[in-house]
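**Q**
Residue numbers (the working numbering): -3 to 83.
1. In the DSSP output, what is residue -1 paired with across the bridge?
2. Please report the residue range of the beta strand (DSSP E) in which residue 74 lies.
3. In the DSSP assignment, find the unbroken beta strand (DSSP E) run with residue 47 in it and report its ends.
4. Quickly, what does DSSP pair residue 62 with across the bridge? List them, please.
5. Measuring CB to CB, does residue 64 end up less than 8 Å from residue 75?
Here's what the structure looks like:
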């Protein structure tokens, strides 16, 4: 019985020392995110624009940067950082 208790205690001490804290480092593949799919744009008479799209399931990206421009796709200005797929 004493031998079993000693072996159990030794095993417990050995297993407690095996715990490792592995730091979670964000993974960066260096690739750009996928192009948004199923983009839907709805406008209202008061000038409000609603933009929706399917969420990117890549865990590497947690938000979207939305840019806007008037009659021009070259001169865009940053508008908002979005954490969801609708505005």
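All C-beta atoms in this analysis are idealised placements derived from N, C-alpha and C, irrespective of residue type, glycine included.
**A** A quick look at the data gives this:
1. None; residue -1 has no bridge partner.
2. 73 to 78
3. 45 to 48
4. 76
5. yes
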